[in-house]
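Colleague:
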Amino acid sequence: MKIVDKVKAAAPHWDKPLLLEAYIRRDQIEYTKSLALLKKLLPRLKASSPEERDVAADAYSCLGSNNKFLGRPKEAVQAFRLSASLSNSNKKACGEISNALFAASSVENFSAADFQELYAEYKKYLADIVPYPKKFYDHEKIRVGFISANFQWNVVMSWSWYFFNGTFDNKAFTVYCYSNVKEPDKVTELFRKVVEHWRDIQNLTDKEAAKLIQDDEIDILFDLDGHTQNNRLRVAAYRPASVQISGIGYMNSTGLDCFDYFLSDVYCAGDESYFTEKLIVLPHSHICYESPIKNLEPAAAPPCLRNNFVTFGCFNNFAKVTDSILIAWKRILDAVPNSRLLLKHLIFMNDDGRKFVSERMKSLGFDLSRVEMRAFSKSHHLVEYGDMDIALDTFPYTGGVTTCEALFMGVPVVSLYGDRHGTRFGLSLLSNAGLGELAVASYDDYVGRAVMLANDWELLAIFRKNLRVMVKKSLLMDSERYIREVEQAFIKVLNEARQAE
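Per my numbering, the sequence shown runs over residues 218 to 718.
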């Protein structure tokens, strides 16, 4: 912070140093301190010049991300929309509306009409893009291009690895990767080695990247990111491929006309009014889980047997934790005497985050002596599932990889689902793992199912011993079946598109 202090001393009325400090505080996971700085800054901001508009746009973007991380998604959506309206570039404005859409996934009762309003805002910032005329190609093999910023140690790797490791029928398909990875890691290098055609688009403009895809004559372009960080949806807006699909890395519609389809399954496919794309409904799961850890065994027994009390847990991103789900967790603790709640996430890395969450939970009536807040640790992450008996999912933005990890480590997960696609992911994961009865449609049933499990320690011991074997043999990890179903879907949608022309 010394550099920022020097700049502020030299120019005390200049807004940029204060904004810089707010961003630094945010990146250090000091969200409330960052918000305090923004509270000072925002009232004095003007937007009479392009430079002032840029500063204001960045300030509201910082405000949005702080609110998102603190579990205030409504406030985050509002701030990101303001940032977009102040942005001088369409590209940046699109990024802010993507941020708003991502945050909206955690807002309860965010209607299809609410989403459509945000989609309309996004499309407004595509005015500078002229799509290419649609082309179809007569290739010997179907060319499938995957575009993502997440070809690295990431959720996408755990769910889509089988697209790239040779499981695809190489007699019928050729795989291309369009990588927007900012900071490549060992996993990026692994992707680069196994993929037949690797294209780095990180330093290309949207138009240049789209031209590259068009020149590669891609039959099917699959966007793995949706409205997540560093997406390249504006590349897809040029319509560089014959058929364009989104899904896997983002659980809701893109809302963009340039995408023809969205990859889903029979469990996630709920109210289709939320979608602008046509759903590809796979008969089982629309993802296939691949655990990065092969040699780590689950704990021998559930911790309740050694502790003499039940520990509920949630290792999900705390930005997904709404007051409604917290109230449900309190009801569960109240119904199970002496039980504990174990929470783990980056927000608990320092006193700032722990204090904020403690005050929030205390205001809802929690006995904090029964709550443990644990900082995220990558090296011991999976081992720490041995400290919980039952995992509690978030809602309306459910867990994904954390649900798979818990099951893989022998921990049953209780999940709540609604009508919107993104709220039903827990239902899909649990159903495909053979545990569909642990996914429920109401808060009362969510509480009841968790309490039922907590009262059956023998069942918890059986889960701990057998759940990994069960999951490995389930549809959730059946890579051959999954890829064959995806291949059939790709062939079908490409034929449909050709016939429609």
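By construction, the Cβ of each residue, glycine as well, lies at the ideal position given by its N, Cα and C atoms. All of these numbers come straight from a predicted model, not from anything done at the bench.
Touch check for the stretch 313-328 and the stretch 350-365: three-plus C-beta pairs under 8 Å?
Modeller: no
Colleague: Should E313 go down as buried or exposed, given a rule of 16 or more other Cβ atoms within 10 Å for buried?
Modeller: The residue you call residue 313 lines up with position 96 of the sequence shown. Looking at its Cβ environment, which holds 16 or more other Cβ atoms inside 10 Å, E313 is buried.
Colleague: Does E338 pass the burial test, meaning 16 or more other C-beta atoms within 10 Å, or should it be called exposed?
Modeller: For the purposes of this step, residue 338 is taken as the residue at position 121 of the sequence shown. Result: buried.
Colleague: In angstroms, rounded to a whole number, what distance separates the CA positions of Y240 and D275?
Modeller: Start at 1 with the first residue of the sequence shown, and residue 240 comes out as number 23. Start at 1 with the first residue of the sequence shown, and residue 275 comes out as number 58. A straight-line Cα-Cα distance of about 9 Å links Y240 and D275.
Colleague: Note down, one range per segment and in chain order, each beta strand (DSSP E) of at least 3 residues found wholly within the stretch 474-503.
Modeller: 478-482 and 495-499
Colleague: Which same chain residues end up closer than 6 Å to K257 when comparing Cβ atoms and leaving out the 5 residues on each side of it in sequence?
Modeller: On the sequence shown, position 40 is the one that residue 257 refers to. Hits under 6 Å: none found.
Colleague: What would DSSP say about H230, mapped onto helix, strand or coil?
Modeller: Position 13 of the sequence shown, counted from the first residue, corresponds to residue 230. With a pLDDT of only 48 at H230, under 50, the local geometry of the prediction cannot be trusted, and the value read off the model is given with reservation. Coil at H230, not helix or strand.
Colleague: If I measure Cβ to Cβ from V307 and keep anything under 6 Å in the same chain, skipping five residues before and after, which residues do I get?
Modeller: Indexing the sequence shown from 1 puts residue 307 at position 90. The sequence shown places Asn at residue 307, rather than the Val named in the question. Excluding sequence neighbours, N307 sits near Y342 and D345.
Colleague: List the endpoints of the continuous beta strand (DSSP E) containing G362.
Modeller: Position 145 of the sequence shown, counted from the start, is the residue given in the question as residue 362. Boundaries of the beta strand (DSSP E) harbouring G362: I359 to S365, taken from the DSSP string.
Colleague: Assuming contact is defined by CB atoms lying nearer than 7 Å, are S365 and D442 in contact in what I supplied?
Modeller: Taking the first residue of the sequence shown as 1, we reach residue 365 at position 148. Taking the first residue of the sequence shown as 1, we reach residue 442 at position 225. Result yes, Cβ atoms of S365 and D442 sit closer than 7 Å.
Colleague: Do G487 and D636 have their C-beta atoms within less than 7 Å of each other?
Modeller: Counting from one through the sequence shown, the residue named residue 487 turns up at place 270. Counting from one through the sequence shown, the residue named residue 636 turns up at place 419. The answer is yes: Cβ separation under 7 Å.
Colleague: Can you tell me which of the three DSSP states T640 falls into?
Modeller: Along the sequence shown, one-based indexing puts residue 640 at 423. Helix, per DSSP.
Colleague: Whose CA, out of G530, P500 and Y393, lies closest to the CA of L599?
Modeller: Within the sequence shown, the letter at position 382 stands for residue 599. Per the Cα distances, G530.
Colleague: Can you look up W370 in the DSSP assignment and give me helix, strand or coil?
Modeller: Here residue 370 refers to the residue found at position 153 when the sequence shown is read from its first residue. W370: coil per DSSP, three-state reduction.
Colleague: Quick check: the Cα distance between A253 and F583, rounded to an integer number of angstroms?
Modeller: Start at 1 with the first residue of the sequence shown, and residue 253 comes out as number 36. Start at 1 with the first residue of the sequence shown, and residue 583 comes out as number 366. Distance between A253 and F583, taken at the CA atoms: about 26 Å.
Colleague: Nearest to S696 by alpha carbon, out of P500, F385, N534 and Y491?
Modeller: Locating residue 696 in the sequence shown gives position 479, where the first residue counts as 1. S696 has its Cα closest to that of F385, out of P500, F385, N534 and Y491.
Colleague: According to the neighbour-count rule (16 or more other Cβ atoms, all chains shown, within 10 Å of its Cβ), is K595 buried or exposed?
Modeller: Taking the first residue of the sequence shown as position 1, residue 595 is located at position 378. Under this definition K595 is an exposed residue.
Colleague: In the DSSP output, which residue or residues are listed as bridge partners for G443?
Modeller: Taking the first residue of the sequence shown as position 1, residue 443 is located at position 226. DSSP links G443 through a beta bridge to no other residue.
Colleague: Can you tell me where the alpha helix (DSSP H) with T405 in it begins and where it stops?
Modeller: Numbered from 1 along the sequence shown, position 188 holds the residue referred to as residue 405. Run containing T405: K403 to V411, per the alpha helix (DSSP H) assignment.
Colleague: So for K561, helix, strand or coil by DSSP?
Modeller: If you number the sequence shown from 1, residue 561 lands on position 344. Correct three-state label for K561: strand.
Colleague: Output the boundary residues of the beta strand (DSSP E) element that contains G466.
Modeller: As a first step, residue 466 is located in the sequence shown; it is residue number 249 there, counting from the start. Careful: G466 lies outside any beta strand (DSSP E) and carries neither H nor E.
Colleague: My parser needs the alpha helix (DSSP H) runs of 4 or more residues fully inside the stretch 238-297; what are they?
Modeller: If one requires a minimum length of 4 residues, the alpha helix (DSSP H) runs lying completely within the stretch 238-297 are 248-258 and 267-286, in chain order.
Colleague: Please report the straight-line C-alpha distance between N525 and R587, rounded to a whole angstrom.
Modeller: Looking up residue 525 in the sequence shown gives position 308. Looking up residue 587 in the sequence shown gives position 370. Distance between the alpha carbons of N525 and R587: 14 Å.
Colleague: Taking only the alpha-carbon atoms, compute the straight-line gap between P229 and R243 and give it to the nearest angstrom.
Modeller: In the sequence shown, the residue the question calls residue 229 occupies position 12. In the sequence shown, the residue the question calls residue 243 occupies position 26. Annotation note: pLDDT 48 at P229 (below 50); position unreliable, no value reported.
Colleague: Does the distance from the CB of M605 to the CB of T539 come in under 7 Å?
Modeller: The sequence position of residue 605 within the sequence shown is 388, counting from 1. The sequence position of residue 539 within the sequence shown is 322, counting from 1. Cβ distance not < 7 Å, so M605 and T539 don't count as in contact.
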